[in-house]
Amino acid sequence: YKFDQTPQLNSSINIIDGWTMFCPSNLTNDDIYRYFIDNQQTPGHQSLIFGIRELNSTEINNYCLNNSSINTSLPITDQPFNFTSNYELRIYTSGCYYLDENNNWKSDGLIVRSLTNLYQTECLSTHLTTFAGGFIVLPEPINWSYVFANADFMKNKTIYLTVICMSIVYIILMIFGRFKDKKDIEKLGVTPLPDNDKSDQYYYQIIVFTGQRANSGTQSKVHFILSSDNDETRVRTFSDPHRKIFQRGGIDSFIMSVSKSLGLLNYIRIWHDNSGEGSSASWFLKYIIVRDLQTMEKFYFIAQRWFSVEQEDGLIERILPIAGEMEKQNFSYVLSKKAYFSVSDGHLWFSIFSRPPSNKFTRVHRCTCCFVLLFASMLLNIMYYDLSAEAKSTNNTESNSLSIGPLYIAPEQIGIGIMVELFSLVPSIFIVQFFRRIRPRQQISPLRQALEKIRSLPHTDSKDTTIIKNKKQQFTFPWWCLFIAYPFSFVIIAVSMFFIIVKGIIFGDLKTQQWLTSVLTGFFSSIIFTQPIKILGLAVFFILFCRNPNDDKEAKEYIDETNFELDGDEDYLHLNDFSLISHSSKRITRLNENEVAFLREQRSKDIQMWSIIREFIIYAIFLALLFIITFSNRTQNSFYQTDHLQKYFLNTRQTDCDYTQILTIDDYWNWLNNSFVDNLRAQQWYNDDQPINLNGYINDKTNRMIGWATMRQLRSKSQLCSDQRIISTCINDYSLFNEEKDSFQPGWILNETSIEEEDYSSSILKAFQYQSSKELDTYAYVGDYGTYSGDGYVYEFRGRLSDIKSNLSLLHQLQWIDSKTRAVIIQLTLYNPNVALYTSVTFLLEFLSASGISPSARFEPLNFYVFTSLTQLICTIIYIGFIIYFLIIEIKLLMKLNLKYFYEFWSLIQVGIISCSITSIIIYIWRFKEYNRLSSLFRETNGYVYINLQMTVYVDDVLTSLLGFCCFFGTIKFIKFIRFNKSLIIFVQTLKYVTKDIISFSFMFSIVFMSFLALFYLLFNSSIASCSSLLSTAQMLFEITLMSFDATDFTGADPFLGPFCFSLFIIIVVFVCLSMFMSILNDGFHHVEEIPIEDQHILSYMLKKFLNWTHLRRPNVEEIYELHDSRMHPQYVDSIENFPDKIDQLLEAIDRIYIDQRKELLKLKRAGV
196 YKFDQTPQLN
206 SSINIIDGWT
216 MFCPSNLTND
226 DIYRYFIDNQ
236 QTPGHQSLIF
246 GIRELNSTEI
256 NNYCLNNSSI
266 NTSLPITDQP
276 FNFTSNYELR
286 IYTSGCYYLD
296 ENNNWKSDGL
306 IVRSLTNLYQ
316 TECLSTHLTT
326 FAGGFIVLPE
336 PINWSYVFAN
346 ADFMKNKTIY
356 LTVICMSIVY
366 IILMIFGRFK
376 DKKDIEKLGV
386 TPLPDNDKSD
396 QYYYQIIVFT
406 GQRANSGTQS
416 KVHFILSSDN
426 DETRVRTFSD
436 PHRKIFQRGG
446 IDSFIMSVSK
456 SLGLLNYIRI
466 WHDNSGEGSS
476 ASWFLKYIIV
486 RDLQTMEKFY
496 FIAQRWFSVE
506 QEDGLIERIL
516 PIAGEMEKQN
526 FSYVLSKKAY
536 FSVSDGHLWF
546 SIFSRPPSNK
556 FTRVHRCTCC
566 FVLLFASMLL
576 NIMYYDLSAE
586 AKSTNNTESN
596 SLSIGPLYIA
606 PEQIGIGIMV
616 ELFSLVPSIF
626 IVQFFRRIRP
636 RQQISPLRQA
646 LEKIRSLPHT
656 DSKDTTIIKN
666 KKQQFTFPWW
676 CLFIAYPFSF
686 VIIAVSMFFI
696 IVKGIIFGDL
706 KTQQWLTSVL
716 TGFFSSIIFT
726 QPIKILGLAV
736 FFILFCRNPN
746 DDKEAKEYID
756 ETNFELDGDE
766 DYLHLNDFSL
776 ISHSSKRITR
786 LNENEVAFLR
796 EQRSKDIQMW
806 SIIREFIIYA
816 IFLALLFIIT
826 FSNRTQNSFY
836 QTDHLQKYFL
846 NTRQTDCDYT
856 QILTIDDYWN
866 WLNNSFVDNL
876 RAQQWYNDDQ
886 PINLNGYIND
896 KTNRMIGWAT
906 MRQLRSKSQL
916 CSDQRIISTC
926 INDYSLFNEE
936 KDSFQPGWIL
946 NETSIEEEDY
956 SSSILKAFQY
966 QSSKELDTYA
976 YVGDYGTYSG
986 DGYVYEFRGR
996 LSDIKSNLSL
1006 LHQLQWIDSK
1016 TRAVIIQLTL
1026 YNPNVALYTS
1036 VTFLLEFLSA
1046 SGISPSARFE
1056 PLNFYVFTSL
1066 TQLICTIIYI
1076 GFIIYFLIIE
1086 IKLLMKLNLK
1096 YFYEFWSLIQ
1106 VGIISCSITS
1116 IIIYIWRFKE
1126 YNRLSSLFRE
1136 TNGYVYINLQ
1146 MTVYVDDVLT
1156 SLLGFCCFFG
1166 TIKFIKFIRF
1176 NKSLIIFVQT
1186 LKYVTKDIIS
1196 FSFMFSIVFM
1206 SFLALFYLLF
1216 NSSIASCSSL
1226 LSTAQMLFEI
1236 TLMSFDATDF
1246 TGADPFLGPF
1256 CFSLFIIIVV
1266 FVCLSMFMSI
1276 LNDGFHHVEE
1286 IPIEDQHILS
1296 YMLKKFLNWT
1306 HLRRPNVEEI
1316 YELHDSRMHP
1326 QYVDSIENFP
1336 DKIDQLLEAI
1346 DRIYIDQRKE
1356 LLKLKRAGV
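To convert, count from 1 in the sequence shown and add 195; that's the numbering used here.
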């Protein structure tokens, strides 16, 4: 190396300041060479340039293996050299400092020593002054030449598309935010009640809070009566002709005028007429605030209830008493009031969609702040990406790190985390607070605007308005500061985007994808889990320890503490907008109990109908997705591939080489030499042309072999016979306990016997050596007569075709397959690039201890490229969303029903769908990882390695079974949607009714069946193939029960016992037992048929609704009469109940005449008549 200039070193030039040589003996535990230059050498220099080269083998022998040469002479060469392996270089700085008497950091008298590394600093001091070590973790420097040379879009698609997509999302959210901000303006304001009387001079503000639950808003007309100790109002109506009120999550403010003060309020009676359509008729009321605008006293009426015919207790009219201090401090009430407001206003991302309309911090402002925070955090994240991981990867026990189980905490990680948070959060918090504190242009109070529509109030000038605002908010910015906030935000976003692109180019596309994955994971986990939990936690904390019952942040824009100086001698304004209304307004009738009951019944039918329709549509989409995913996992080419390979390898057309007809060991060797081996290599074409570019293909010239084929043998040990009078040793059936695991020399000679190994190739020698399943990468295999482990003795079909044939002949001569052999398994993996199918081929030859050979073969095609199309990927993602949706529903239902949940048949079906689907997703991920492992192995070895798909086949079989059960359960559940069919209802009810009888009958039938099972098995075990095992005997008896069995086999087995036992089974089981079973079902059917079927009316109701909606049918006179009769019947049951109402109507008519005359007199007086 050389300070301040380039070092030069060869046989003629030696311009260096220092050098060192690294040998393998210098390596530390973490395989890192370290070189340190202390601060005594660096003063007076601005830079350091160094060079690195790799020692050749001669220099390693001279300088590293001979320790005496190290550091004594300088290795010099004039020959060009290249590095034979990659290396990574890390440069860092460190320093030692102390505080002098003026609190300034100085470094004189301090020396940084050679034990300093990336994680700790060693300092030597010539004085005892307090000192500290400095460590700076800087981002990697940017190589601008590399950036500009590799800025091509195709090389960096990930980072460019990421920035472009985020910019598009920002623009879309800004447009959405602007649109919603305009809609929010329509929701603001204070509405005078339209039934206010001109002569009333006392005003109350009523603020109504509608809940956030689903369908909380209403379109019904809401009426109320406010009552106090002294008086009560007449029936008043909430209404606004210019905007919709009582929307979900809405806050509606009204001004009510009365003739005089009501005094201390007691309760409010509130109801609605249920005139809304469908779910819009219901209403969930949180609470109401009534404020006396003269005394500024507030009264709270807490509801937290539904006004709905179908929810809770079904009431649409309630009396709400005034809330006391204890009720206002109730935890559930305060939590419901604060929690949603905290999330909707405090969570920046959520607030873009759920921002309180009254808040001056608009959605557009919030959207900009969100992206400033996002881009700033992404920039800091990509600048320090992988730097903290280096600290974790280095296991330095002398450092100040802390390991707690899998967690590793280092000072560098903490420092990087603090720097990232500071540099990303500080600008973002500043931007957020800047936007929050910018005042809007218009400063007129909504309450004052509403009062000015009713009365002529003194206008508040801009100076007064500012004073009022300053009382509420001590520090704000003028509205024109928006022209500062937006450019500043755009600068941060633009700079962050630029450097994100630059670092993405340096990272490369693959590393950028890894970084993007980690960023997106952290981003979504933060906005979905971390931030909501933090906000709700703080809300709960402040509710528990800092509770203020009178803190109404939700209504702060509607509550104005201004003194409005309300006098009694002011005239009405806007006479055209607000009519002269007297106390004797139009009578408002309430729904009686019978009408509510009728509406409840109709609403119940509507809910049930729409629930069925919604459930049907959702489930139909789910089932369609399930079928798309399941059947895309299978392709028609799988059958063609399997059929071709079976005909190709089994060779059933040639009687002398037919694999399925192998009876002896010689037949097997003949098939291997004359059929199987010839098919493993691509031979000449039909016209004797050479198979060019078909290296690795089998002889069909379509399928390429992955790796090579293997032939594995499993053997049993010799054991003493149970009867040694004839022969002393026997070879039993194969099992894991008597498997041969010793290694032998060729010819199954024990290793103690010496032979000339030079006479045999390595393949032959290896074929007699025992290898474990771990070494072979094989697994247990299930055959027709046993289960065979993954161990064994293996011969590999490698090399030239002639060598393979000669090796097989030699193995035949050495009796590689002999009397101790219990199974020979040939395994190979093929890939057909034309149809993108892998095929695992397995040939199993089982040797039975009772003599005989059983050949079998399995061809299992695999399709790893299932989700290659975008459509399939989207379907899979949507399907996972459906599973999560169903899981949430079933969990709620389980919590509601407890153990009764498992007594429902459809609940068990749904559990089957969910469990099989979740398991399928896990298995698919497992299979995908297995495929990636095999692909990387094939890519690294170019296919010249044995690759076993056995585990992949097992995983694929499990996945196929799970998907099959998903389709089964899903199709069965579709029956639920025709549960209103009369025949199906009778069938289901019949099964429920006879369940106990069937269970009792099953016990009796099982005893009878087991007795016949034992009888047939014991009598005909050796003479009838169907009775060779208990399982096959049971299968035969079920076939006899279904009358689909040929009885001549029994006659041939035994002329007397055969027909006798067969006839006895027919009489007892078929005639008696099945007749009893049919009688049980018939009795249940007749019983159920007499019971009236519930819920069958819903089908006719749905049909009527559909016909009326499509105008294909109109209700007849009888239906109309029945509808009116059900509603009007209680009104004429007892006429005395209606007498007070009739009196009220008479008084209203008299008042109306009086008011009309008064209006005329007022007009004449104004005209001067």
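Cβ coordinates follow ideal geometry from the N, Cα and C atoms, glycine included.
For residue j and residue i, believed in contact at Cβ under 8 Å, the rounded distance
i	j	result
Ile547	Gly372	6 Å
Leu421	Ile450	Actually they do not touch by this definition, with Cβ atoms about 13 Å apart.
Ile244	Lys197	6 Å
Ile1180	Arg1174	7 Å
Ser958	Glu934	Not confirmed; about 23 Å, so no contact.
Asn1143	Gln1022	6 Å
Val1036	Phe1059	At roughly 17 Å, the Cβ-Cβ gap does not stay under 8 Å, so Val1036 and Phe1059 are not in contact.
Closest residue to residue i among the options (Cα-Cα distance)
i	options	result
Thr1016	Asn789, Asn410, Leu1298, Asn927	Asn927
Ile730	Phe670, Gln1352, Leu543	Leu543
Ser997	Tyr1080, Asp979, Asn868	Asn868
Arg443	Arg561, Pro551, Leu305, Pro389	Pro551
Ser423	Thr432, Cys1070, Ile514, Ala904	Ile514
Pro270	Glu283, Asn281, Asn251	Asn251
Met1205	Leu1226, Leu457, Arg1174	Leu1226
Met361	Ile728, Thr490, Cys562, Asn391	Cys562
Gly509	Met906, Ile1202, Asn789	Asn789
Chain B contact for residue i (CB, 8 Å cutoff)
i	result
Phe694	The displayed structure is made up of one protein chain only, and chain B is not part of it.
8 Å Cβ cutoff met for residue i and residue j
i	j	result
Thr405	Phe441	yes
Val403	Asp447	yes
Phe217	Glu249	no
Ser1370	Ile624	For residue 1370 there is no data in the structure shown, the boundaries of the chain being 196 and 1364.
Arg1122	Asp1151	yes
Ser531	Ser503	no
Gln354	Ile696	Reading off the sequence shown, one finds Ile at residue 354, where the question assumed Gln. Yes. Within cutoff.
Ser968	Asp986	yes
Ile1012	Ile887	no
Arg558	Asp376	yes
Own chain partners of residue i with C-beta closer than 7 Å, once the 5 adjacent residues on each side are dropped
i	result
Gly600	Unreliable placement is indicated for Gly600, whose pLDDT of 46 sits below 50; the coordinate value is still reported in the next sentence. There are no such residues.
Leu1158	Thr825, Asn828, Ser1115
Thr215	Tyr230
Asp873	Asn894
Trp866	Cys852, Tyr854, Ile857
Leu677	Ile633
Met369	Val559, Cys562
Residues of its chain near residue i, where Cβ-Cβ distance is below 8 Å and the 5 sequence neighbours each way are ignored
i	result
Val1265	Ile1235, Thr1236, Met1238
Gln235	Ile306
Ile662	The pLDDT assigned to Ile662 is 38, lower than 50, so where the model puts this residue is not dependable; a value taken from the coordinates is nonetheless given after this. No residues qualify anywhere along the chain.
Classification of residue i by the beta-carbon crowding that lies within 10 angstroms, buried from 16 upward
i	result
Asp766	Note that Asp766 scores 37 on pLDDT, short of 50, meaning its location in the model is unreliable; the coordinates nonetheless yield the value given after this. With fewer than 16 other Cβ atoms within 10 Å, it is exposed.
Val1328	Here Val1328 scores only 42 on pLDDT, less than 50, and its place in the model should not be relied on; the value that follows carries that caveat. Burial call: exposed.
Met573	buried
Lys1187	exposed
Ser1004	exposed
Tyr1026	buried
Pro1056	buried
Ala571	buried
Closer than 7 Å: residue i CB and nearest the ligand GTP heavy atom
i	result
Ala962	Looking for the ligand GTP in the displayed structure turns up nothing, as the structure carries no ligands at all.
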